[in-house]
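**Q** Those protein sequences? They're chains A and B, same order as listed. Taking numbering that gives the first Met the number 0, I'd label the letters of the first sequence as residues 0 to 200. Taking numbering that gives the first Met the number 0, I'd label the letters of the second sequence as residues 0 to 200. Attaching a single structure in structure tokens format; questions to follow.
There are 2 protein chains.
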Amino acid sequence: MTTVQDPEDLTARARIRDAAIRHIGEHGFERATIRDIAESAGVSLGLVRHHFGSKQALREACDEHLMKTVRRLNAEAAGRPPAGFNPVTALGPYRAYLARALTEGWAAPLFDEMTRLGERWLAAADQDRADPPDVPPRARAAVMAAMALSVTVLYPHVCRGMGADLSTPEGERLLMRTLIEVYSQPVLGPEAAAEARAWLG
Amino acid sequence: MTTVQDPEDLTARARIRDAAIRHIGEHGFERATIRDIAESAGVSLGLVRHHFGSKQALREACDEHLMKTVRRLNAEAAGRPPAGFNPVTALGPYRAYLARALTEGWAAPLFDEMTRLGERWLAAADQDRADPPDVPPRARAAVMAAMALSVTVLYPHVCRGMGADLSTPEGERLLMRTLIEVYSQPVLGPEAAAEARAWLG
DNA sequence: GACGGGGCTGCACGCCGGTATAGGATGCTC
DNA sequence: GAGCATCCTATACCGGCGTGCAGCCCCGTC
Chain A
0 MTTVQDPEDL TARARIRDAA IRHIGEHGFE RATIRDIAES AGVSLGLVRH HFGSKQALRE
60 ACDEHLMKTV RRLNAEAAGR PPAGFNPVTA LGPYRAYLAR ALTEGWAAPL FDEMTRLGER
120 WLAAADQDRA DPPDVPPRAR AAVMAAMALS VTVLYPHVCR GMGADLSTPE GERLLMRTLI
180 EVYSQPVLGP EAAAEARAWL G
Chain B
0 MTTVQDPEDL TARARIRDAA IRHIGEHGFE RATIRDIAES AGVSLGLVRH HFGSKQALRE
60 ACDEHLMKTV RRLNAEAAGR PPAGFNPVTA LGPYRAYLAR ALTEGWAAPL FDEMTRLGER
120 WLAAADQDRA DPPDVPPRAR AAVMAAMALS VTVLYPHVCR GMGADLSTPE GERLLMRTLI
180 EVYSQPVLGP EAAAEARAWL G
């Protein structure tokens with residue numbers, strides 16, 4: 000991670016925001032207290048309120064910052080091969096916050112943006128396909144966006160299940176290789192898919 | 000849903016448990032209050048405490064009940080074709096609770112059980128594969144379990160993204176068809192996978 | 001019919017945490 | 001150097017919520 004060095008990133012306001020992202024990511028919005036955030040940032044309780052007004056507004060500021068960061072990372076990764084498709088390690092401390100944001104109700108715009116991105120990607124990938132997918136692209140993109148985010152959202156469980164700390168380089172490598180394997184292999188063979196489709200009627 | 004008719008399911012204790020599952024599923028553990036749960040169940044605040052002792056214990060009782068329900072649904076679905084693979088609509092009111100349980104830190108046993116199930120399924124599916132997957136089965140199973148749960152966990156976003164209410168029969172059908180489509184098509188073609196693998200080194 | 005226990009209620013306590021406000025320090029402008 | 005905005009602290013308020021407790025009702029039992 001190592002957040003980009005905006006000039007503002009040394010200010011108390013930025014320190015508070017970063018501390019909030021860490022605390023909310025770790026404990027969730029409800030359990031994260033303004034007091035703890037203030038202490039982590041090394042400022043007083045009142046200053047948080049002075050800069051952000053309310054806990055909600057603080058969260059929204061975090062959301063905005065997350066949004067900017069994700070867009071930046073996305074732009075950086077645009078040129079590279081799709082090995083970095085799943086943004087789990089690149090996000091660093093933002094990973095946990097993103098997971099909370101997605102599961103605790105906010106962050107809809109971010110998911111929608113990912114869906115749109117996925118839709119464009121799908122449109123390009125469908126160019127060279129013989130059989131026509133009879134499912135709306137939006138629907139496919141939404142499901143695939145959810146799947147792409149699943150490791151991010153269920154991070155602790157995936158770590159435990161894989162028996163590896165995914166924040167370490169080895170863990171990251173293992174995850175990447177696993178993702179490539181999973182993504183390059185269809186889960187349902189043609190006959191199984193046909194059977195399932197038939198079962199649906 | 001339509002909870003199995005245990006004899007106990009008419010008792011106040013069961014009503015409280017069901018109300019708790021609904022409230023926690025809807026609002027999360029922190030925001031769900033014992034008072035609201037009691038009111039929903041049509042009982043007094045003290046009775047909740049009388050039956051369950053504490054809010055934590057109430058949650059654990061809900062977890063246990065969820066576990067039983069999931070196991071039952073899983074056993075029922077064992078015989079059928081894998082069209083019902085993703086347990087999103089079958090869970091009914093438990094869906095939201097399961098999502099909370101997975102993302103708010105508990106429910107590790109449930110995820111692990113799904114991983115083990117997936118591992119067995121993978122072992123069977125790998126029987127008839129030519130190329131050897133060079134990734135630990137556990138890792139693959141964990142990632143695939145996460146992906147299978149992604150729609151459950153990110154349900155509201157997927158609903159919004161697909162532009163359909165997935166709790167309706169039409170929405171369910173659309174989701175199923177989409178899942179079949181996604182699962183039956185590899186995301187990465189052989190050359191893209193090779194490129195990604197090469198990029199990893 | 002007394003008696004005991006489980007299901008159930010109502011109330012009060014105490015803490016925690018978001019909100020509000022008064023005020024001090026610092027630095028810039030005219 | 002007076003005025004003022006900005007940054008920052010300390011402290012008080014107060015509502016919400018988990019917890020603890022005293023007691024009532026009802027029903028089975030001897």
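We treat Cβ as the ideally placed atom computed from N, Cα and C, and that holds for glycine. On a predicted model such as this, the values are computed, not experimentally measured, just so you know.
(1) Would you tell me roughly how many angstroms separate the C-alpha atoms of Q55 of chain A and R70 of chain A, rounded to the nearest one?
(2) Tell me the DSSP secondary structure of F28 of chain A in three-state form.
(3) The ligand GDP heavy atoms versus the CB of A76 of chain A: any closer than 7 Å?
(4) In whole angstroms, give me the CA-to-CA distance for L9 of chain A and I15 of chain A.
(5) Can a CB atom of chain B be found closer than 8 Å to the CB of R196 of chain A?
(6) In whole angstroms, what is the alpha-carbon distance linking L187 of chain A and Y182 of chain B?
(7) With DSSP run on the structure shown, which of helix, strand or coil describes E103 of chain B?
(8) Rounded to whole angstroms, what's the CA-CA distance from A144 of chain B to H49 of chain A? Just pull it up for me.
(9) At a Cβ cut of 8 Å, what residues of the region 177-196 of chain A count as close to chain B, listed as they run along the chain?
(10) Quick check on the burial criterion: 16 or more other C-beta atoms within 10 angstroms. Buried or exposed for E118 of chain A?
(11) Is P131 of chain A close to chain B, meaning its C-beta is less than 8 Å from at least one C-beta of that chain?
(12) Mapping DSSP to helix, strand and coil, what is L187 of chain A?
(13) Based on Cα-Cα distance, which residue from A:L165, A:L57, A:F51, A:V152 lies nearest to E29 of chain A?
(14) Can you list the residues of chain B that A138 of chain A reaches, using a CB-CB cut of under 7 Å?
(15) Could you tell me which chain B residues have their CB closer than 8 Å to the CB of G27 of chain A, listed as they occur along the chain?
(16) Write down the C-beta distance between R21 of chain A and S39 of chain A rounded to the nearest angstrom, noting that I regard them as a contact closer than 8 Å.
(17) In terms of alpha-carbon separation, which member of B:D35, B:A122, B:V134 lies closest to R176 of chain A?
**A** This is what the structure gives:
(1) Looking up residue 55 of chain A in the first sequence gives position 56. Looking up residue 70 of chain A in the first sequence gives position 71. Straight-line Cα distance between these residues: approximately 23 Å.
(2) One-based indexing of the first sequence puts residue 28 of chain A at position 29. Note: F28 of chain A maps to coil in three-state DSSP.
(3) In the structure on display, the ligand GDP does not appear, and there are no ligands present to speak of.
(4) The sequence position of residue 9 of chain A within the first sequence is 10, counting from 1. The sequence position of residue 15 of chain A within the first sequence is 16, counting from 1. Taking the Cα positions, L9 of chain A is about 10 Å away from I15 of chain A.
(5) Counting from 1 along the first sequence, the entry for residue 196 of chain A is found at position 197. Yes, R196 of chain A lies at the interface with chain B (some Cβ there is under 8 Å from its Cβ).
(6) One-based indexing of the first sequence puts residue 187 of chain A at position 188. One-based indexing of the second sequence puts residue 182 of chain B at position 183. Taking C-alpha positions only, L187 of chain A is separated from Y182 of chain B by approximately 6 Å.
(7) Counted from its first residue, the second sequence places residue 103 of chain B at position 104. Looking at E103 of chain B - three-state DSSP - the assignment turns out to be coil, as it is neither helix nor strand.
(8) For the purposes of this step, residue 144 of chain B is taken as the residue at position 145 of the second sequence. For the purposes of this step, residue 49 of chain A is taken as the residue at position 50 of the first sequence. Those two C-alpha atoms are separated by around 44 Å.
(9) Hits within the stretch, in order: T177, L178, I179, E180, V181, Y182, S183, Q184, P185, V186, L187, G188, P189, A191, A192, E194, A195, R196.
(10) Position 119 of the first sequence holds residue 118 of chain A. With 16 or more other Cβ atoms within 10 Å, it is buried.
(11) Indexing the first sequence from 1 puts residue 131 of chain A at position 132. No - not a single Cβ of chain B is within 8 Å of the one on P131 of chain A.
(12) On the first sequence, residue 187 of chain A is found 188 positions in, with the first residue counted as 1. In the structure shown, the three-state DSSP call for L187 of chain A is coil.
(13) Against the first sequence, residue 29 of chain A aligns to sequence position 30. It is A:L57.
(14) Here residue 138 of chain A corresponds to residue number 139 of the first sequence, with the count starting at 1. Those are M161, L173, T177, listed as they occur along chain B.
(15) What you label residue 27 of chain A is simply residue 28 of the first sequence in a count that begins at 1. Simply G27, E29, E103.
(16) In the first sequence, counting from the first residue as 1, residue 21 of chain A sits at position 22. In the first sequence, counting from the first residue as 1, residue 39 of chain A sits at position 40. About 7 Å separates the Cβ atoms of R21 of chain A and S39 of chain A, confirming a contact at the 8 Å cut-off.
(17) The residue labelled residue 176 of chain A in the question sits at position 177 within the first sequence. The option with the nearest alpha carbon to R176 of chain A is B:V134.
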